[in-house]
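Heads up: the sequence shown runs through residues 0 to 122, numbered per numbering that gives the first Met the number 0.
Beta carbons: idealized from backbone N, C-alpha and C, even for Gly.
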Amino acid sequence: MHVERWVFREHVLVLNLVEVLRLTPIILGEIRFGIYRLPAGKRRQQLDRWFREGVARIACVPWDAACGLRWAQLLADLRRQGQAMPIKDSLIAATVLVHGLTVVTRNEADFKKAGVKVVNPFA
């Protein structure tokens with residue numbers, strides 16, 4: 000939810016970077032889920048419009064066999080090290096690793112232990 004709140008609050012930044020940003024299917028779903036969870040009303044309508052006009056235009060990298068295999072390897076590596084990672088974060092990490100991307104999040108610890116490049120916009 001922290002990333003979603005940042006994205007919602009900084010939507011102008013997201014819209015201006017639409018050509019360089021990439022989403023994973025998991026992140027796209029997390030953002031949309033956050034909107035669906037809101038009660039009917041003005042805020043939900045605003046965010047729904049923001050999603051359709053902005054976020055939905057950002058390219059979504061595919062979740063494919065390479066991502067699935069990288070995910071399995073990531074989980075096995077973490078388990079051997081006695082570490083765990085939340086499922087959604089591990090799916091995002093595997094996708095990011097396959098596509099050579101950087102994650103923008105506050106959650107530096109989980110993603111760094113997965114070997115993912117991280118930018119924390121709050122640091």
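Spatial neighbours of Q82 in its own chain (CB-CB distance under 8 Å, excluding positions within 5 residues in sequence) are listed in chain order as K112.
Here T101 is exposed, its C-beta having fewer than 16 other C-beta atoms within 10 Å.
Spatial neighbours of V118 in its own chain (CB-CB distance under 7 Å, excluding positions within 5 residues in sequence) are listed in chain order as T101, V103. In summary, D109 is buried, with 16 or more beta-carbon neighbours lying within 10 Å of its beta-carbon over all protein chains present. Relative to the Cα of R21, the nearest Cα in the group G40, L73, T94 belongs to T94. Counting every other CB atom within 10 Å of its CB across the protein chains shown gives A92 a total of 16 or more, marking it as buried. Only residues of its own chain outside the window of five on either side were considered, and among them A93, L96, V97 have a CB closer than 7 Å to the CB of R69, listed in chain order.
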